[in-house]
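Taking it in order: structure first as structure tokens, then the write-up.
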Amino acid sequence: MSETRILVTGANGQIGNVLTNELRKKFGTYHVLATDIQKNANDPHYEFLDILNAVRMRELIGDFGITQVYHLAAILSAGGEYNPMKTWNVNLNGWISVLEIARELGLDKVFFPSTIAVFGKTTPRELTPQHVPMQPDTIYGVSKVTGELLNHYYFQKYGIDVRSVRYPGIISYQSVPAGGTTDYAVEIFHAAKKGEKYECFLAENTRLPMMYADDAIAGTIQLMDAPVENIKCRMGYNLAAMSFTPGELYAEIKNHYPDFEIEYKPDFRQKIAESWTEVIDDSEARKDWGWNHRFDLKAMVAEMVENV
Ligand code: NAD
Ligand code: AKB
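Counting from 1, one number per residue, gives the positions in the sequence shown under our numbering.
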């Protein structure tokens with residue numbers, strides 16, 4: 001078996017920078033090549049890669065002897081609505097290039113991050129099961145549902161070992177996300193830390209599934225490490241940790257910053273949030289490959305308050 005050598009696309013993003021660090025702890029810095037379209041002069045093993053440039057992607061994968069790709073580059077739910085065609089192009093064509101290169105060069109495994117944005121108004125909102133109708137209202141959701149279908153297709157037709165999870169909203173302290181509908185759950189900590197009032201773009205009672213980044217990264221690596229016979233689903237596995245509303249998050253943060261104030265001013269992202277589900281049933285991931293989360297609302301808030 002060849003030595004593991006990983007390429008991460010979108011490595012400068014909210015998940016990418018945390019995941020790249022964890023992968024490097026496990027495999028070594030020079031076994032994990034970070035790529036993105038944003039410059040990163042501080043990264044010792046970084047290459048510029050626009051995922052729409054399939055020729056360059058193939059070249060990097062060949063030159064660096066890459067055996068696995070974690071494909072994080074994407075345009076997210078809120079940002080995607082400003083330019084649907086660009087979002088479709090980046091989110092879909094970048095992924096098809098990864099799958100085609102995996103087929104041509106015989107990569108060991110590839111990872112596709114799906115999302116709760118694959119769900120829509122025809123999906124059950126409470127304890128959303130693994131296999132449900134998926135009719136999303138955003139182009140981001142449409143591109144991710146299609147990505148999941150491609151995962152299934154490339155696995156059953158070509159045997160590509162593609163693995164995927166549907167991340168909930170991810171909460172991390174390492175960066176301030178932009179372009180997502182769940183971003184409020186990170187922005188709010190930065191406002192609290194600066195002693196500023198937070199203007200929340202979602203309504204007080206909007207419940208969404210969420211997860212602390214440490215859990216998301218641990219789950220991702222656990223899925224990629226799992227024996228192949230344990231992977232029963234090639235579309236995105238449902239993954240859950242906690243579900244809360246802006247009001248509940250605010251109340252928990254107030255335990256740490258008693259003077260912290262919030263004002264609710266829902267904008268167009270409210271409609272997106274309302275089209276998603278509230279609580280996810282992730283029992284298949286727990287059963288198939290042993291997924292388990294560590295952080296609930298209280299533990300996550302304590303970590304964020306300490307580290308932001
Ligand atoms: P992000 O927006 O923080 O980062 C995306 C990165 O992709 C950015 O660094 C950007 O520069 C890069 N990128 C954009 N277009 C590119 C292109 N053409 N070529 C190369 N790079 C490009 O996103 P994130 O929050 O880190 O999400 C990573 C992945 O996880 C995405 O696929 C997203 O859909 C998925 N996801 C994220 C969340 C979340 O809450 N963060 C939840 C569900 C799923
Ligand atoms: C977004 O809000 O677009 C992302 C996601 C849940 O996919 N955070």
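Glycine included, C-beta positions come from ideal geometry on N, C-alpha and C.
For ASP36, the uninterrupted beta strand (DSSP E) segment begins and ends at 32-36. One alpha carbon belongs to ARG207, the other to VAL32, and they sit about 36 Å apart.
Counting along the chain, MET134 sits inside no alpha helix (DSSP H), nor does DSSP assign it H or E at all. Assignment of ARG234 by DSSP, reduced to helix, strand and coil, places it in the coil class. By the neighbour-count definition (other C-beta atoms within 10 Å, threshold 16), ARG166 is a buried residue. Cβ neighbours of THR122 within its own chain (closer than 7 Å, five residues either side excluded): PRO133 and GLN135.
In this chain, SER97 is not harboured by any beta strand (DSSP E); it is covered by the alpha helix (DSSP H) spanning 94-105. For GLY106, the number of other beta carbons within 10 angstroms of its own is below 16, and it is reported as exposed. Residue range 184-194 is occupied by the alpha helix (DSSP H) that includes LYS194. Cβ-Cβ separation between ILE221 and GLU22: approximately 6 Å, consistent with a contact (criterion under 8 Å). Around the CB of TYR198, 16 or more other CB atoms lie within 10 Å, so the residue is classed as buried. VAL69 and LEU202 have their alpha carbons spaced roughly 34 Å apart. For the alpha helix (DSSP H) assignment, the uninterrupted runs of no fewer than 4 residues enclosed by the segment 31-77 are, from N- to C-terminal side, 54-63. Those residues placing their Cβ nearer than 5 Å to any heavy atom of the ligand AKB are, following chain order, LEU76, SER77, THR115, ALA117, GLY169, GLY180, THR181 and THR182. Around the beta carbon of GLU278, 16 or more other beta carbons lie within 10 angstroms, which makes this residue buried. Scanning its chain for C-beta atoms nearer than 6 Å, with the 5 sequence neighbours on each side dropped, one finds around MET242 the residues MET210, ASP296 and LEU297, in chain order. In the DSSP annotation of this structure, ILE171 is not part of any alpha helix (DSSP H); the continuous beta strand (DSSP E) holding it starts and ends at 169-171. For ASP288, the CB contacts under 8 Å within the same chain, skipping 5 residues up- and downstream, are ALA226, ASN230, ILE231, LYS232, CYS233 and TYR237 in chain order.
With fewer than 16 other beta carbons inside 10 angstroms of its own, PRO258 counts as exposed. Membership of SER114 in the beta strand (DSSP E) is indicated by the continuous run 109-115. Annotation: ASN12 to ASN255 spans about 32 Å, alpha carbon to alpha carbon. ILE51 and ALA73 do touch by the CB rule: their CB atoms are close to 5 Å apart, below 8 Å. In this chain, the alpha helix (DSSP H) harbouring GLU303 covers 297-307. With a cut-off of 8 Å, the C-beta of LEU49 is classified as near the ligand NAD, since at least one heavy atom of the ligand falls inside that distance. At least one heavy atom of the ligand NAD is found less than 8 Å from the C-beta of GLN38. The beta carbons of GLY16 and GLY80 sit no closer together than 9 Å.
Using a Cβ distance threshold of 9 Å, ALA185 and LEU239 do not count as a contacting pair.
Each residue's CA atom was taken as its position, placing GLU59 and PHE48 some 12 Å apart. Sequence-distant partners of VAL228 (beyond 5 residues in either direction) whose C-beta falls short of 7 Å from its own C-beta, in its chain, are ASP161. DSSP places VAL8 in the uninterrupted beta strand (DSSP E) bounded by 6-9. In the three-state scheme derived from DSSP, where H, G and I count as helix and E and B as strand, TYR250 is classed as helix.
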